[in-house]
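To start, the structure itself, in structure tokens.
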Amino acid sequence: MDELWPAVEGTTISYISRPPSEIWQREFPRSLVILGSTGSIGRNALRIVTANREAFQIVGLSCARNITSLAAQARQFRPPFLAVLDDEVAGGLKKLLPKNYSPTVFIGSKGYAQMASLPQATTVLAAQVGAAGLRGTVSAALAGKVICLANKESLVLAGHAVREICARTDATVLPVDSEHNALFQCVAGHGQTIRSLILTASGGPFFGKNVDSLRRVTKAQALNHPNWRMGAKISIDSATMMNKGLEIIEASHLYGVPAHNLRVLVHPQSVVHSLAELADGSLLALMGTADMRLPLAHCLLWPRCAQAGANRIDLTSVGALSFHEPDSATFPCLDLARRALESGTDICTVMNAANEAAVELFLNDACSFADIPLLTAKAMENYPKNIRTNTTDTSADPAPATEAWLRHIEELDRASRVFVYSLAKSQSDQTGRNIVRIKPQTAHSGE
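Pasting the structure below:
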């Protein structure tokens, strides 16, 4: 009978993992680990936990260095496990905890990975910032957890590996990013052929600006997002549109969709969070306020639909909705990300690390806003000639999530950062810009 149906232009969605088990769907309270609990996503997640206290048991919380906030969270929720960046930070944390409360404290990247695989937890919110979140996500996947994924870099660096691990362990990925969460809801029940997935972008604080005006951008201007309240790094990524570039790569791995079936539209109102164009040409869109508590609650409480604390949307007050093609000449990061996606794991790692290093330099007044995409592109152009490691890419192996593979990604991440810092230093010597001294290292784990 298939020959009676005409062929449909498009591609077939292949989601990265199976749905959560029926046991997990019925399990309340849910035992939860939050990697990156002191950042913006982590704090919003704990607001949802507080509003739905009977639905959760907090097993573990983590930060990098923000021990004041972590200690306050630990006093409120009393998790048996905590994790921080290093021994010095751990010593400071223990001084802030009540004498009658002695949680186990994990240390460093391997400590975050240990906490992500704890048998006491079924659910892991991966909310660390940047490449530092990779080990935690991989560890949770290897342990078969339900992963509420807010760390897009895990899929940018290791999307193929995470997909393979989920197939082996029955781990589940639920997307927290507002755009990918919107797509997740739009394609439910329509998981056959789609024409395209459309990610919306606010355009950030510089929508409509030209290249010349971006050379004079200040840090305060770049951090002042018109619609969303976010951490510093993602705010800068939104301003350069690298955030949307990373989301293109993330969407490709989440939904098994090639780059040419992924589109970006600038939507300044941030009311439509993403759209799915179905095989018949119709569009499904998810609309809501610009509040991360909505996608967080959707993932943490799935399949329940519970109060997230966000305002309801009033379409009469919104008025007109507008959509625009992105200006890739002014914001080249979108094209850099598409090029990286087509080139494979290593170049995605180089691009991500170079961008993180350039953003760090900008936030430390060590390069201009317009330098961020230039430094990132230069690093991509210089791989592998001038960015080398002593390790080998093993991501194509049948079981890629090995220690050697993780070390390769971390070494390539570090080498790319060193290249960007060195390039920025040489430019500062020529221009007289005052560059700060930043120790080259693998990405740390957020706040």
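FYI, the UniProt record's numbering numbers position 30 of the sequence shown as 30, with every residue one higher than the one before it.
Even glycine gets a Cβ: it sits at the ideal position worked out from N, Cα and C.
Small disclaimer: the values here were computed from a predicted structure and weren't measured.
Beta-bridge partners of residue i, as assigned by DSSP
| i | result |
| --- | --- |
| C333 | None; C333 has no bridge partner. |
| P175 | L149 |
| M115 | Answer is none; M115 lacks a bridge partner. |
| I23 | Partner(s): none; I23 has no beta bridge. |
| L183 | DSSP, once it has assigned bridges, lists no residue as partnering L183. |
| M287 | V272 |
| E277 | S196, L283 |
| T11 | I194 |
| T137 | Looking at the DSSP assignment, T137 forms no beta bridge with any residue, so it has no partner. |
| I58 | L32 |
| R263 | I198 |
| G324 | Checking the sequence, you will find His at residue 324 rather than Gly. Paired residues: V266. |
| I107 | V84 |
| A126 | L35, L149 |
Contact check, residue i vs residue j, beta carbons under 8 Å
| i | j | result |
| --- | --- | --- |
| L300 | A251 | no |
| A132 | A150 | no |
| F77 | L61 | yes |
| G130 | A113 | no |
| N382 | F419 | yes |
| A182 | L286 | yes |
| A171 | G144 | yes |
| I372 | V359 | yes |
| L174 | W302 | yes |
| L35 | V124 | yes |
| A239 | P205 | yes |
| M351 | A340 | yes |
Buried or exposed by the 16-neighbour rule on C-beta atoms within 10 Å, applied to residue i
| i | result |
| --- | --- |
| S17 | buried |
| T73 | It should be pointed out that residue 73 corresponds to Gln in this sequence rather than to Thr. Label assigned to Q73: buried. |
| residue 470 | Look at the range of the chain in this structure, 1 to 447, and you will see that residue 470 is not part of it. |
| P79 | buried |
| D87 | exposed |
| P20 | buried |
| S317 | exposed |
| Y101 | exposed |
| N355 | buried |
Residue closest to residue i, alpha-carbon to alpha-carbon, out of the options
| i | options | result |
| --- | --- | --- |
| A329 | V105, M241, H408 | M241 |
| R229 | V33, A358, R293 | R293 |
| M115 | Q76, T345, V59, L155 | V59 |
| A403 | E356, W24, S139 | In the sequence on display, residue 403 carries Glu and not Ala. When each option's Cα is compared against that of E403, the closest is S139. |
| H253 | N224, E277, R338 | R338 |
| H225 | S202, E27, A71, D212 | S202 |
| L278 | P268, R195, L423 | R195 |
| A424 | L412, L375, M380, W405 | L375 |
Cβ distance (whole Å) where residue i is taken to contact residue j below 8 Å
| i | j | result |
| --- | --- | --- |
| L275 | C186 | 7 Å |
| E164 | L134 | That belief does not hold up - the Cβ atoms of E164 and L134 are roughly 15 Å apart, past 8 Å. |
| L214 | A370 | 5 Å |
| V105 | A90 | 5 Å |
Cβ of residue i within 8 Å of any chain B Cβ
| i | result |
| --- | --- |
| D371 | The question asks about chain B, but that chain is absent: this structure has only one protein chain. |
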